[in-house]
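Written below as structure tokens is the structure these notes are about.
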Amino acid sequence: MKLTSQTNYAVRMLMFCHSKGELATVKEIAAFYALPERFLFNILQRLTAKGYVETVRGRGGGIRLARPAETIWLGEVVRDIEESFEMAECFEEK
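So this is what it looks like as structure tokens:
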């Protein structure tokens, strides 16, 4: 299975939020992983809509996990973020 950059970045964002243990900013995540901020904002919207992260607005705001990391499964994130979820070519519809 080949994952898209979007899923790769989404997983990295979740890992960063977990390891930091406090509010993180998209700017921090982008700098840490050398990723484009604009793309991360798009992914952040999806992660927020799916309930993986929550945002805190205002000065000193940022993002954090919306639920304990132990309850977030990699397979769940992949299914929620990947637009096409084909395990192998033989499963593709023709």
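Numbering of the sequence shown is given in my numbering, commencing with residue 19 and proceeding in unit increments.
Ideal Cβ positions, reconstructed from N, Cα and C, are used throughout, including at glycine.
Practice prompt. Would you mind reading off the limits of the beta strand (DSSP E) that contains R75?
Written response: As a first step, residue 75 must be located in the sequence shown, where it is residue number 57. Under the DSSP assignment, R75 falls outside any beta strand (DSSP E); it carries neither an H nor an E label.
Worksheet item: T22: buried (16+ other C-beta within 10 angstroms of its C-beta) or exposed?
Response: Here residue 22 refers to the residue found at position 4 when the sequence shown is read from its first residue. Under this definition T22 is an exposed residue.
Item to complete: Let me know if A49 comes out buried or exposed under the rule of 16 or more other beta-carbons within 10 Å of its beta-carbon.
Response: On the sequence shown, position 31 is the one that residue 49 refers to. Its Cβ having fewer than 16 others within 10 Å, A49 is exposed.
Worksheet item: For M31, does the count of other Cβ atoms within 10 angstroms reach 16, so buried, or fall short, so exposed?
Response: Along the sequence shown, read from residue 1 onward, the residue named residue 31 stands at position 13. Looking at its Cβ environment, which holds 16 or more other Cβ atoms inside 10 Å, M31 is buried.
Worksheet entry | Closest by C-alpha distance to F34, when choosing among A87, E100, V96 | Indexing the sequence shown from 1 puts residue 34 at position 16. Among A87, E100, V96, the Cα nearest to that of F34 belongs to A87.
Item to complete: Can you grab the Cα-Cα spacing for the pair T14 / K20, in whole Å?
Response: In the structure as shown, the chain starts at 19 and stops at 112, and residue 14 therefore has no counterpart that could be examined.
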